[in-house]
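Residue numbers (this note's numbering): 12 to 451.
The structure appears right after this line, and notes come after that.
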Amino acid sequence: MSKGKFYHPEIERVSRKELRELQNQRLRWQVHRCLAKSEFYRERFKKAGLRATHIKTVDDLVHVPVVTKQELRDEQIKHPPFGRYTVAPAKDWSELHPSTGTTGTPVNTIWSEKDVENITQVTARTMWSFGVRPGEIIQNGFSYGLWVAGMSTHYAAKRLHCFVIPIGASMTGRQIDYLLNPGSTVLLCTPSFALHIAETLRERGVSAQKMKLRLGCFGGEGGTETAATREKIEKGLGIDAYDYYGLAEIGPTFASECTAKAGLHWAEDQYVIEVINPDTMDRCAEGEMGVLVITHLTREATPMIRYWTNDYARYDSTPCSCGRTHARSIGGILGRADDMVIYRGAKFYPVQVEKVVRSYGELGDEFIIELTRDEKAYTDVCTVVCECLKPQEDPSVLERRLLKDLKEELMVTPEIRIEKFGTLERTTFKAKRIVDKRTK
Ligand SMILES: [Zn+2]
């Protein structure tokens, strides 16, 4: 095992030119096998007038039609149970990992034994990059069961010779028990859950300084790269907090921050990362925000060629101070296209509300964006609901300030409602920030 700053120095510090050559070579292998073995891909390429030989480099990918989650769902219904994009034969299947189903019927993804090995190696590499070392006590608060991050993190922690507590996303009280005894040094879970654990520690009067916890990695939803959220997690748990990104159809944790905390590094030796302007379908310029489209370079069982993630991100290959050459999404993942709120002609994401709410010392960490319908005025009403930590002498002062800051960030003025602390639901999983109460 590597013992320095880098887990796989030859891969993490490879020159951009060599990295691109490796990607091109792996892409040609992937496209050839997909077309040889999958009717799903054969049909798509044929419709677009493409043959395997047309795709020689990563730049040629722009001609290939993107694959949406809905197309994968339809394919699974037509060709149950796994669809015809399952390229590896059944004898090579090792694990089934369906998506969480938060946006509809789950999509099945299969990992072969070689896929498990690649995922373990990339996850171990990402954990090493934010400072996990052999001998750590790792509290894995990602849900096991059918959520990809639970298993992959578990395998990677073992690969790094750490001591794993497979607690999953179980009750906050039990999480705190293990943080105190044996005293976990690394915590992995969603950022919402991390904030909830911090809040409970505060309520119980447990000082974060008494714990051995030193690092945390938070994924499954955005938030860690929102400055106010990161600060709350870091202060509340007495740690350095890092962002992690993955998704079921593509793989867990294929992007993570390094200790520079300067954006998510993509694992470009395993994936082609494209950022696409959804209006023109062209590639965005470096650093520009667009929809993330991903191609598997090494995946055997259910490879995706140009999967449309619906998540917004950036691609920036400028050098990072850590010395890794893989490109980054600076600022992390902005949010899912599905989560966009359109209100009075303005468009905004929950992460923008989060940025404002969590910058207030008087407010709790929880918030929701409630959408209702004013039947008399025939208009939609968007209300930001948050919690006040302590009763205010004159609540209107706080309300006015919050309204002004929200208006500035969102470019539209929502309604606001400040509730008593503890009113909103807490979660051990992904937080649901948009509550749509409009009758459809
Ligand atoms: Zn870096």
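Backbone N, C-alpha and C fix where the C-beta goes; we use that ideal spot for every residue, glycine too.
This one's a predicted model, so the numbers in the text were calculated from it and none came from an experiment.
So the candidates are the options; which of them puts its Cα closest to the Cα of residue i?
i: Cys45; options: Val364, Val392, Tyr323 and Arg310; result: Arg310
i: Ser203; options: Glu245, Phe174 and Pro193; result: Glu245
i: Ala219; options: Glu232, Asp251, Ile284 and Thr237; result: Asp251
i: Lys441; options: Ile148, Thr235 and Thr211; result: Thr235
i: Asn192; options: Ile176, Leu345 and Ala180; result: Ile176
i: Tyr360; options: Glu232, Glu285, Gly298 and Glu398; result: Glu232
i: Glu365; options: Val78, Arg241 and Tyr96; result: Arg241
i: Ala205; options: Leu275, Val368, Tyr256 and Thr438; result: Thr438
i: Ile316; options: Ala324, His307 and Tyr323; result: His307
i: Met292; options: Glu21, Glu23 and Pro76; result: Pro76
i: Val392; options: Arg355, Leu414 and Asp416; result: Arg355
i: Cys331; options: Gly274, Asp350 and Asp290; result: Gly274
i: Ala407; options: Arg428, Val423 and Thr424; result: In the sequence on display, residue 407 carries Ser and not Ala. Measuring from the Cα of Ser407, the nearest candidate turns out to be Arg428.
i: Phe229; options: Glu285, Ile344 and Arg294; result: Ile344
i: Leu409; options: Ser370, Val446, Gly342 and Leu157; result: Ser370
Straight-line CA distance for residue i to residue j?
i: Ile305; j: Glu29; result: 20 Å
i: Lys448; j: Tyr326; result: 36 Å
i: Val197; j: Thr383; result: 41 Å
i: Ser110; j: Gly301; result: 23 Å
i: Asp71; j: His65; result: 7 Å
i: Cys397; j: His207; result: 15 Å
i: Ser49; j: Ala239; result: 46 Å
i: Gly216; j: Val127; result: 41 Å
i: Gly161; j: Thr390; result: 43 Å
i: Pro92; j: Glu86; result: 9 Å
i: Lys223; j: Tyr189; result: 11 Å
i: Glu32; j: Val367; result: 43 Å
i: Gly227; j: Ala209; result: 12 Å
i: Trp104; j: Val286; result: 31 Å
i: Arg225; j: Asp385; result: 48 Å
Would you mind stating whether residue i and residue j have Cβ atoms separated by less than 9 Å?
i: Gly115; j: Arg84; result: yes
i: Thr211; j: Gly184; result: yes
i: Thr394; j: Glu426; result: yes
i: Phe378; j: Leu400; result: no
i: Phe141; j: Thr270; result: yes
i: Glu260; j: Tyr318; result: yes
i: Ala338; j: Arg136; result: no
i: Pro348; j: Asp322; result: For the sequence presented, residue 348 should be read as Ala rather than Pro. Yes, they are a contact pair.
i: Pro263; j: Ser195; result: no
i: Phe17; j: Arg213; result: no
i: Ser340; j: Ala357; result: no
i: Thr120; j: Arg170; result: no
Is it right to say residue i is buried, meaning 16 or more other beta carbons lie within 10 angstroms of its own, or is it exposed?
i: Lys221; result: exposed
i: Met182; result: exposed
i: Met138; result: buried
i: Glu147; result: buried
i: Ala281; result: In the sequence on display, residue 281 carries Gln and not Ala. Buried is the call here.
i: Ile353; result: exposed
i: Lys80; result: buried
i: Gln186; result: buried
i: Trp40; result: exposed
i: Asp405; result: exposed
i: Thr320; result: buried
i: Lys88; result: At residue 88 the sequence reads Ile, which differs from the Lys that was named. It is exposed - the Cβ of Ile88 has fewer than 16 other Cβ atoms within 10 Å.
i: Ala388; result: exposed
i: Lys243; result: buried
Would you give the residue range spanned by the alpha helix (DSSP H) that residue i belongs to?
i: Tyr52; result: Glu50 to Lys58
i: His165; result: Val159 to Arg170
i: Gly266; result: First, the amino acid is wrong: residue 266 is Ala here, not Gly. Careful: Ala266 lies outside any alpha helix (DSSP H), inside the beta strand (DSSP E) at Gly262 to Glu268.
i: Phe93; result: First-last for Phe93: undefined, no H or E at that position.
i: His108; result: Per DSSP, His108 belongs to no alpha helix (DSSP H) and is neither H nor E.
i: Gly247; result: Ala238 to Leu248
i: Ile208; result: Pro202 to Arg215
Where does the unbroken beta strand (DSSP E) through residue i begin, and where does it stop?
i: Phe141; result: Here Phe141 belongs to no beta strand (DSSP E), and DSSP marks it neither H nor E.
i: Gln220; result: It is not in any beta strand (DSSP E) - Gln220 carries neither H nor E in the DSSP assignment.
i: Tyr189; result: Premise fails: Tyr189 lies in the alpha helix (DSSP H), Thr183 to Leu191, not in any beta strand (DSSP E).
i: His19; result: From DSSP, His19 is part of no beta strand (DSSP E); its letter is neither H nor E.
i: Leu308; result: Neither: Leu308 is in no beta strand (DSSP E) and is coded neither H nor E.
i: Glu285; result: Tyr282 to Ile287
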